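Numbering (this note's numbering), first residue to last: 1289 to 1416. In this text, a Cβ means the ideal position worked out from N, Cα and C, and glycines have one as well. Here the structure is a predicted model, which means the values were calculated and not measured. Everything below concerns the one structure shown next.
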């Protein structure tokens, strides 16, 4: 049986949206397995931030970490749904992705795993 030991989100500059007056970041969430493999759970997430009055983007590594965690979910409630429902749906979806790849895990187990955010060298160079 394959065991999920943690989650990692890789954050990098978005090559498709270079802008000297802003920053665009891509976020790829992966499950880390005990055998050393990883499984991509989400690869369609990201965010942008615009520069200040002088056009320079000022962002700390901590801000990148917090924002990146936010964009990989769970999402904020909408359409009359509660935060609890959104959270359950999020972890259920991720457990389903893993199930399709032969990894059997309960949603509540995923939610409790350690989650690391790894900034690329290019992104780290753009932080204060």
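Residue range of the beta strand (DSSP E) that includes residue i
{"i": "residue 1299", "result": "1292-1301"}
{"i": "residue 1331", "result": "1326-1338"}
{"i": "residue 1407", "result": "1403-1407"}
Residue i vs residue j beta-carbon contact at 8 Å
{"i": "residue 1322", "j": "residue 1313", "result": "no"}
{"i": "residue 1292", "j": "residue 1328", "result": "no"}
{"i": "residue 1297", "j": "residue 1316", "result": "yes"}
{"i": "residue 1333", "j": "residue 1360", "result": "yes"}
{"i": "residue 1357", "j": "residue 1403", "result": "yes"}
For residue i: DSSP bridge partner residues
{"i": "residue 1312", "result": "1336"}
{"i": "residue 1321", "result": "1292"}
Extent of the continuous alpha helix (DSSP H) to which residue i belongs
{"i": "residue 1375", "result": "1371-1388"}
{"i": "residue 1355", "result": "1349-1359"}
{"i": "residue 1395", "result": "1395-1399"}
If contact is defined by three or more beta carbon pairs under 8 Å, each pair taking one atom from either stretch, is the segment 1383-1392 in contact with the segment 1365-1375? no
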